[in-house]
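Colleague: Structure in structure tokens, see below.
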Amino acid sequence: MSDDNIPAPPATDSSVPASGSATADSPFESARTGRDEAPQYVLPLVVRIERATPPTRTDALRTAARAVLMMLSDERSVGEGEWARAIRDWEDVRIRKVVRRARGAEWRRACELPGVTVTGERAEVRVFPPVPLDGWPKELARLQVSGTDLDDPEPPAGPDLAGPVLWLNPELDMTAGKAMAQVGHGSQLAWWELSETERKAWREAGFPLSVATADADRWRELTASELPLVHDAGFTEIAPGKTVAVEGHHRVGSLPPLRQP
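Going by the working numbering, the first residue of the sequence shown is number -2, and it counts up by one from there.
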């Protein structure tokens, strides 16, 4: 799923307005803006979906959101790292993420490309450094965007309120691939909101987060607050509007470090 939904961070700051409100020349705008004049980039994510053992929907969404954070925090993505220029070019234009699926030999070929694989309870998502919109590696370009209709056989557990929660709009019906892109945007908004100290604490804790669908009353409360919100430009699947509310991101500062085995 391809999405142009979240504002790039200011050139001198790593945060965005807490309300996530759209401004002129922003990826929030569905109309063509100055950002569209620059070369466009996309962040590819590939979810492993084997026929016999597909991941649950919520597990896949959480894992995709964590994969985006792993890419943003990777030492190769910052400073003079080998991916840093691609990350900067991507963040300077419309923020696009595309989720494709792979299994068997397709997955193995994808894993041979530079990237980061993140695992959940059973989900596996590999995220790659941004590529030009029309310049995908052939190993990824041949993968399917459709076929990501995952579900939760059992009602998922409630969100862990000790860490960040990415709340989905209850009025939307999105494929898992589309929703994975949206929560990836949400985790990126959370990352931009945090100080370097908070980012370090979140990473050392293993980037714990929850994904849940808000009920109607809770969604109204979330969207009326000053929390970061993901706005979809409406180019695929759904009409333009709010898709994800990011709540509790500043709780990461008190998370305990992940215990190493």
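Ideal Cβ positions, reconstructed from N, Cα and C, are used throughout, including at glycine.
Can you tell me which of I46, T50, Y38 puts its alpha carbon nearest to the alpha carbon of D86?
Modeller: Y38
Colleague: Cβ atoms of V95 and A35: under 8 Å apart, would you say?
Modeller: no
Colleague: Using DSSP with H/G/I as helix, E/B as strand and the rest coil, what is D179?
Modeller: One point to set straight first is that residue 179 is Gln, not Asp, in the sequence displayed. DSSP places Q179 in helix when its eight states are reduced to three.
Colleague: Is V180 near A61, with beta carbons less than 8 Å apart?
Modeller: yes
Colleague: Please tell me whether L40 and V115 are closer than 8 Å, where the distance is taken between their beta carbons.
Modeller: no
Colleague: L130 and P259 - do their beta-carbons sit closer together than 8 Å?
Modeller: Residue 259 is absent from the structure shown; the chain starts at -2 and stops at 258.
Colleague: Could you check which residue in E79, L169, T145 has the C-alpha nearest to that of P127?
Modeller: E79
Colleague: I'd like the list of long-range same chain contacts for G250, defined as Cβ closer than 6 Å, with 5 residues on each side in sequence excluded.
Modeller: E195, A198
Colleague: Taking R261 as the reference, give the member of A209, E218, D157, D212 with the closest Cα.
Modeller: The structure shown does not extend to residue 261, since the chain spans only -2 to 258, so no value can be given for it.
Colleague: On the three-state DSSP scale, how would you describe L137?
Modeller: helix
Colleague: State buried or exposed for Q141, treating a residue as buried only when at least 16 other CB atoms are found within 10 Å of its CB.
Modeller: exposed
Colleague: For D56 versus A120, is the C-beta spacing smaller than 8 Å?
Modeller: yes
Colleague: Compute the Euclidean distance between the alpha carbons of V122 and E47, then round it to the nearest angstrom.
Modeller: 12 Å
Colleague: What would DSSP say about T116, mapped onto helix, strand or coil?
Modeller: strand
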